[in-house]
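Chains as they are written, first to last, in this note's numbering: chain A, 1 to 339; chain B, 1001 to 1430.
First up is the structure itself, then whatever we jot down about it.
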């Protein structure tokens, strides 16, 4: 019971990281494709959308890591060893994105350095979700080898493969798609809203294509992903649900129904994640011989119990505060921010 | 360079980088809150300008601290997977609380930085206080976890495994409170003197600036009070270290031989080969008094421990001397400043004194780095004192020199850019 409860909080943290933090990275990726029309206005909308919330949204990742190393220490240890390289690159992305974004907004002087901040901000926004997806793919694929098998086999091959990168690219597309839908509601200007709505449509199609590519890559890497999905009712129904939601989502985006579109897109991405969770459950890190499950990797009960208390108490503090933050900056009428 | 040394260097660089931003994140919200409060009460525009100017600097520093802190939470596993596998279930709990505190801090910071004219002015002011209070809490929780490495508690170590785990006892280990208070006071001291020093430069350039004068005064009061408290708190921590980690204390003081009574060695260069300290000043009996409150007490020397369990003596000793030296200077300067503020404000306007404050600006942070070196290097060769050695915790991945060089490069660049951004902020004010 304790184990499942902690696993639930882990799942929720990752879900919220994707829905909120993921969208912040997505907005950074979208900045790479602002096009010529009203470039500066689009950039301003993106900056003001992320500014007040990105640091709070980022904490979901820290929370997931803390739950992982306190509640499932063996899994955290195994993940850190096998995926050292992509995790390090992910951290690099996190550092570069966060710093460049803040420096760009708060630098007292507007000069050429703005261009460098933007370039680094965009690069970091791509690198982090790509590597996050690569690691997620590797957790499912289970191509790990013992350390004795050599550097390439133990530390490179588990993630440097077609499937992992397909999942990485899928993650990028999904986050950018989330961001595009969210961003429509961040401005009152019809022209900019239309630009983001168009991006959302394109990214939605792209997500379907890359999603199919993920299944193909899985087969090439020896992972029967389609069969795994077919064998799990929840995974399968989540995938069907995510597909069905496309129809009302497209209607909502076309009709400019901002809040409905936001909820639908979040539900869609949430369903994708739930499908993945069910596929993975109860395994955290797949491995040929001994997959680490939430049961084999779990900390003793005393730890789980106090961790759960801390998480519940933390939730009581965090959720109202988070709601207040979102109410101030996201639920009220979109307006200009002042420094 | 061995993989172990590369991993230790990467951890040292990452922590050494992060600790500066974390300390500023703890103290700066309170400086802003004072200025902000005065603005709301007096409506003197200088306080609004000051609050906004400080908050822009803090936005940059806080973001850098947040991302470098994230790096650390991953590096614990990337570099020390064996440590985390065993330590996670025992001492992970404070990290969970730290996560909650940091969450609140990040939310409140978003509201504070972007909430001007969006919410009620006093709610806005309160959001700044929440940033500070959760920053202090966040720091205390992290130190709980670090204290556990120094004074392991809340488990039994049987056949290389932790059993009978009690996460609450681990969290409230004996080192946690004293270390946490020491670090929190250090954060206020270092930040106060650094900010005062920066605005002292502003006053040298522009002696009539109300902006710099108010800023200097607020920062100086905070820094001075903290600097005067620190020797008292440091003494309590040292007495506790003598009890919990006698090897660390012996290395700090370069006490090679158990002595009764033991002299205090000030300065000097200790040699592990000859087991002597060259060029140091020896004061008879004083270490006995400082460590145990009795001029005749016995103090354990390094000879009580097997040679392979000695921390690097020279590094620990010299870092400790630097910390104590700076602490003494700042405490004296703090006491003098409080007197001057109270009785002779004109003293604080002389160019010589302002220059002195400018020179002292970085001292508090140097002391923080030195103090952190004492506690980490002084614990070696252990990662969990008396339980697990650092060399047994390191990741099996070879080639650790490469991530070490990557993060060294990134952090050097960032340190340079942040410093440059601060100069630009400062110039912009004028």
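Think of the CB as a built atom: it goes at the ideal place given N, C-alpha and C, for glycine as much as any other residue.
Quick caveat, the model's predicted, so the values are computed rather than measured.
query = Leaving out the 5 sequence neighbours to the left and right, which residues in its chain are closer than 6 angstroms to residue 161 (chain A) when beta-carbon positions are compared?
reply = Here residue 161 (chain A) is taken as the residue at index 161 of the first chain, counted from 1. The residues are 221.
task = Report all residues from its chain with a CB closer than 6 angstroms to the CB of residue 1394 (chain B); omit the five preceding and five following residues, and keep chain order.
result = On the second chain, residue 1394 (chain B) is found 394 positions in, with the first residue counted as 1. Correct list, in chain order: 1004 and 1007.
ask   = Out of curiosity, what's the CA-to-CA distance linking residue 137 (chain A) and residue 130 (chain A)?
value = Counting from one through the first chain, the residue named residue 137 (chain A) turns up at place 137. Counting from one through the first chain, the residue named residue 130 (chain A) turns up at place 130. Our two residues, residue 137 (chain A) and residue 130 (chain A), have alpha carbons roughly 11 angstroms apart in a direct line.
The segment 45-69 of chain A: positions lying closer than 9 angstroms to chain B by Cβ = Contact residues of the segment 45-69 of chain A toward chain B are 48, 51, 52, 53, 54, 55, 56, 57, 58, 59, 60, 61, 62, 63, 65, 66, 67, 68 and 69 (C-beta to C-beta distance below 9 angstroms).
task = Would you decide whether residue 1168 (chain B) is buried or exposed? Buried here means 16 or more other CB atoms lie within 10 Å of its CB.
result = Against the second chain, residue 1168 (chain B) aligns to sequence position 168. That one is exposed.
query = Residues of chain B with a CB under 9 angstroms from the CB of residue 187 (chain A): which are they?
reply = The residue you call residue 187 (chain A) lines up with position 187 of the first chain. Under the 9 angstroms cutoff, chain B gives no residues; its nearest Cβ is about 16 angstroms from residue 187 (chain A).
ask   = Is there at least one Cβ from chain A nearer than 8 angstroms to residue 1056 (chain B)'s Cβ?
value = On the second chain, position 56 is the one that residue 1056 (chain B) refers to. Output row for residue 1056 (chain B): interface = yes.
Under 9 angstroms by beta carbon: chain A residues contacting residue 1428 (chain B) = What you label residue 1428 (chain B) is simply residue 428 of the second chain in a count that begins at 1. Per Cβ cutoff of 9 angstroms: 108 and 109.
inquiry  = Looking at chain B, is there any beta carbon in it that lies within less than 8 angstroms of the beta carbon of residue 118 (chain A)?
reply    = Working through the first chain from its first residue, we reach residue 118 (chain A) at position 118. Residue 118 (chain A) does not count as touching chain B.
For residue 292 (chain A), the three-state DSSP class (helix, strand or coil) = On the first chain, position 292 is the one that residue 292 (chain A) refers to. Under the three-state reduction of DSSP output, residue 292 (chain A) falls in the strand class.
message = For the segment 1382-1402 of chain B, list every residue whose C-beta sits within 8 angstroms of some C-beta in chain A, in sequence order.
response = The residues in question are 1395, 1396, 1397, 1398 and 1399.
message = Quick check on residue 1388 (chain B): does DSSP put it in helix, strand or coil?
response = Counting from one through the second chain, the residue named residue 1388 (chain B) turns up at place 388. Looking at residue 1388 (chain B) - three-state DSSP - the assignment turns out to be strand.
task = Identify, in the order they occur along the chain, each residue of the same chain with its Cβ nearer than 8 angstroms to the Cβ of residue 43 (chain A), setting aside the five sequence neighbours on each side.
result = As a working note, residue 43 (chain A) is residue 43 in the first chain. Leaving aside the five residues that flank residue 43 (chain A) on each side, the residues in its chain whose CB is nearer than 8 angstroms to its CB run, in chain order, 31, 34 and 118.
ask   = Can you tell me the Cα-Cα spacing of residue 1429 (chain B) and residue 1212 (chain B), whole angstroms?
value = In the second chain, the residue the question calls residue 1429 (chain B) occupies position 429. In the second chain, the residue the question calls residue 1212 (chain B) occupies position 212. Annotation: residue 1429 (chain B) to residue 1212 (chain B) spans about 10 angstroms, alpha carbon to alpha carbon.
query = Any contact of the segment 1126-1134 of chain B with the segment 1190-1198 of chain B, i.e. 3+ C-beta pairs under 8 angstroms?
reply = No, they do not touch.
Run of the alpha helix (DSSP H) containing residue 1279 (chain B), from where it starts to where it stops = Sequence index remark: in the second chain, residue 1279 (chain B) carries index 279 (1-based). Per DSSP, residue 1279 (chain B) belongs to no alpha helix (DSSP H) and is neither H nor E.
message = Can you tell me whether residue 1421 (chain B) is buried or exposed? The criterion is at least 16 other CB atoms within 10 Å of its CB, across all chains shown.
response = Position 421 of the second chain holds residue 1421 (chain B). Label assigned to residue 1421 (chain B): buried.
Contact with chain B by residue 267 (chain A), beta-carbon distance below 8 angstroms = Counted from its first residue, the first chain places residue 267 (chain A) at position 267. So no, residue 267 (chain A) is outside the interface.
inquiry  = Strictly below 7 angstroms CB to CB, what residues from chain B border residue 291 (chain A)?
reply    = Walking along the first chain from the start, residue 291 (chain A) turns up at place 291. For residue 291 (chain A), there are no neighbours in chain B by C-beta distance under 7 angstroms, as the nearest C-beta there is about 17 angstroms away.
request  = Using 10 angstroms around the beta-carbon of residue 336 (chain A), count the other beta-carbons present and answer buried if the total reaches 16, otherwise exposed.
outcome  = The residue you call residue 336 (chain A) lines up with position 336 of the first chain. The pLDDT assigned to residue 336 (chain A) is 47, lower than 50, so where the model puts this residue is not dependable; a value taken from the coordinates is nonetheless given after this. It counts as exposed.
Which listed residue (A:247, A:293, A:97 and A:272) has its alpha carbon closest to that of residue 79 (chain A) = Within the first chain, the letter at position 79 stands for residue 79 (chain A). It is A:293.
query = Between the C-alpha atoms of residue 68 (chain A) and residue 1095 (chain B), what's the straight-line distance to the nearest angstrom?
reply = Taking the first chain and counting its residues from 1, the one referred to as residue 68 (chain A) is at position 68. Taking the second chain and counting its residues from 1, the one referred to as residue 1095 (chain B) is at position 95. Residue 68 (chain A) and residue 1095 (chain B) have their C-alpha atoms spaced approximately 11 angstroms apart.
ask   = Can you find a C-beta in chain A that's less than 8 angstroms from the C-beta of residue 1151 (chain B)?
value = Here residue 1151 (chain B) refers to the residue found at position 151 when the second chain is read from its first residue. Interface with chain A (8 angstroms Cβ-Cβ cutoff): residue 1151 (chain B) is excluded.
query = If residue 1155 (chain B) and residue 1142 (chain B) are in contact, beta carbons under 8 angstroms, what's the gap, nearest whole angstrom?
reply = In the second chain, counting from the first residue as 1, residue 1155 (chain B) sits at position 155. In the second chain, counting from the first residue as 1, residue 1142 (chain B) sits at position 142. The beta-carbon distance between residue 1155 (chain B) and residue 1142 (chain B), rounded to whole angstroms, is 20 angstroms. This is too long to meet the 8 angstroms contact definition.
query = Looking at the structure shown, is residue 1394 (chain B) part of a helix, part of a strand, or coil, going by DSSP?
reply = Within the second chain, residue 1394 (chain B) is the residue found at index 394, counting from 1. When DSSP states are grouped into helix, strand and coil, residue 1394 (chain B) belongs to the coil group.
task = Go through its chain and collect everything with a Cβ distance to residue 1366 (chain B)'s Cβ below 8 angstroms, but skip five positions before and after it.
result = The residue given as residue 1366 (chain B) occupies position 366 in the second chain. Around residue 1366 (chain B), the same chain offers 1322 and 1326 as residues with beta carbons nearer than 8 angstroms, after the five sequence neighbours per side are excluded.
query = How would you write the range of the beta strand (DSSP E) that residue 1161 (chain B) sits in, first residue to last?
reply = Here the question's residue 1161 (chain B) lines up with position 161 in the second chain. According to the DSSP assignment, residue 1161 (chain B) belongs to the beta strand (DSSP E) that extends over 1161-1163.
ask   = If we count the other Cβ atoms within 10 Å of its Cβ and call it buried at 16 or more, is residue 1283 (chain B) buried or exposed?
value = For the purposes of this step, residue 1283 (chain B) is identified with residue 283 of the second chain, where counting begins at 1. Exposed.
message = Considering just the uninterrupted stretch of the beta strand (DSSP E) at residue 1269 (chain B), what are its terminal residues?
response = Numbered from its first residue, the second chain carries residue 1269 (chain B) at position 269. 1269-1271 is the extent of the beta strand (DSSP E) around residue 1269 (chain B).
inquiry  = Please list, in chain order, the residues of the segment 1165-1183 of chain B that have any C-beta partner in chain A closer than 7 angstroms.
reply    = Residues of the segment 1165-1183 of chain B with a Cβ closer than 7 angstroms to any Cβ of chain A, in chain order: 1165, 1166, 1167 and 1168.
query = Would residue 1152 (chain B) pass as a contact of residue 1385 (chain B) if the rule is Cβ separation under 8 angstroms?
reply = Numbered from its first residue, the second chain carries residue 1152 (chain B) at position 152. Numbered from its first residue, the second chain carries residue 1385 (chain B) at position 385. Pairing residue 1152 (chain B) with residue 1385 (chain B) gives a Cβ-Cβ distance under 8 angstroms.
task = Can you pull the chain E residues whose beta carbon is under 7 angstroms from the beta carbon of residue 1201 (chain B), in chain order?
result = Judged by its chain identifiers, the structure shown contains no chain E, and its protein chains are A and B.
Cβ neighbour criterion (16 or more within 10 Å) applied to residue 321 (chain A) = Residue mapping note: residue 321 (chain A) aligns to position 321 of the first chain, counting from 1. Residue environment analysis places residue 321 (chain A) among the buried positions, since at least 16 neighbouring C-beta atoms fall within 10 angstroms of its C-beta.
key: is_contact[residue 1033 (chain B), chain A] using C-beta, thresh 8 angstroms   = Locating residue 1033 (chain B) in the second chain gives position 33, counting from the first residue. Not a single CB atom of chain A sits nearer than 8 angstroms to the CB of residue 1033 (chain B).
key: Cβ-based neighbour list, residue 1285 (chain B), same chain, cut-off 6 angstroms, excluding 5 preceding and 5 following   = Against the second chain, residue 1285 (chain B) aligns to sequence position 285. Taking C-beta separations shorter than 6 angstroms and ignoring five residues to either side along the sequence, the partners of residue 1285 (chain B) in its chain run 1261 and 1295, following chain order.
query = Would you say residue 1381 (chain B) and residue 1313 (chain B) are within 8 angstroms of each other, going by their C-beta atoms?
reply = If you number the second chain from 1, residue 1381 (chain B) lands on position 381. If you number the second chain from 1, residue 1313 (chain B) lands on position 313. Their beta carbons are not under 8 angstroms apart, which means residue 1381 (chain B) does not touch residue 1313 (chain B) by this criterion.
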